[in-house]
Amino acid sequence: MTEENLDNHQPANFAPFISPNPVTSFNPVRRYPKIDKTSFISPFSSVIGDVRIKDNVFVGPNAAVRADEGTPFYIGSNTNLQDGVILHGLLKQFVSVKDRAYSIYIGNNVSVGHDALIHGPCYLGNYTFVGFKAIVFNAIVGKGSFISYNAAITNGVRIAPNRFVPPGADIDTQEKADRLRRVTEEEREFAREVQRVNQEFPASYQALFS
Numbered sequence: 001m002t003e004e005n006l007d008n009h010q011p012a013n014f015a016p017f018i019s020p021n022p023v024t025s026f027n028p029v030r031r032y033p034k035i036d037k038t039s040f041i042s043p044f045s046s047v048i049g050d051v052r053i054k055d056n057v058f059v060g061p062n063a064a065v066r067a068d069e070g071t072p073f074y075i076g077s078n079t080n081l082q083d084g085v086i087l088h089g090l091l092k093q094f095v096s097v098k099d100r101a102y103s104i105y106i107g108n109n110v111s112v113g114h115d116a117l118i119h120g121p122c123y124l125g126n127y128t129f130v131g132f133k134a135i136v137f138n139a140i141v142g143k144g145s146f147i148s149y150n151a152a153i154t155n156g157v158r159i160a161p162n163r164f165v166p167p168g169a170d171i172d173t174q175e176k177a178d179r180l181r182r183v184t185e186e187e188r189e190f191a192r193e194v195q196r197v198n199q200e201f202p203a204s205y206q207a208l209f210s
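Numbered per full-length UniProt numbering, the sequence shown spans residues 1 to 210.
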């Protein structure tokens, strides 16, 4: 393996913004993010407040994970939040997972593509794929579903497991959600490949920036 000249490469000068939430009338206690040591939070990204990030999670550059209003957030193992992803939640609106309330709950092995918006209250099940610039707000998305680019899922809908949301679709009623077809093997394989690539990034970027 060869390396280019790295004289101008100074990774120590770049860091993510990891902070407790500010004290407000609605969130009077400062809570710090809890980030597994095997996960990687990229430079120029932010993680704020009561956020639990499990093992081998990759958070890309310019992502904003902001639990300063709705809280807490949970991000499961092997999940990736790509460049420009936004996580934020409405105050005192929750999804329930194992008898615990979350503003945002993202399961294991989830991929959230560039510039997508995940706005609580919402739940993304394990192995969900969310495409570029998609919006998930006030929704529950079942395990293994595939949300295409520019799609929007809103208004309290529930997406059954392994369902495909077409590009640009506006799924804002339960009737629309119930008509969605199942994910094909080709779509499932695409999501698996995105997972495979992104699961290498936490360790490789930690090695680069160490």
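The C-beta atom is built at its ideal place from N, Cα and C for all residues, glycine as well.
In the DSSP assignment, VAL110 is bridged to no other residue. DSSP places ASN150 outside both helix and strand once states are collapsed to three, so it counts as coil. With respect to the 7 Å criterion, VAL51 and PHE73 are classified as neighbours on the basis of their beta carbons. Between the region 130–146 and the region 103–121 there are three or more C-beta pairs closer than 8 Å, enough to call the two in contact. Secondary structure of ASN78 (DSSP, three-state): coil. Shown here, ALA160 sits in coil according to DSSP, grouped into three states, outside any helix or strand. Burial is judged here by how many other beta carbons sit within 10 angstroms of a residue's own beta carbon; LYS54 has at least 16 and is buried. PRO202: member of the alpha helix (DSSP H) spanning 201–209, first to last residue. Beta-carbon to beta-carbon, LYS143 and TYR127 are separated by about 6 Å, close enough to satisfy the 8 Å threshold.
For VAL165, the pairing in a beta bridge is given by DSSP as ILE147.
Rounded to whole angstroms, the Cβ separation of GLY49 and ASP68 is 5 Å, and the two are in contact under 8 Å. Between the region 166–179 and the region 148–156 there are three or more inter-stretch CB-CB distances shorter than 8 Å, so the stretches are counted as touching.
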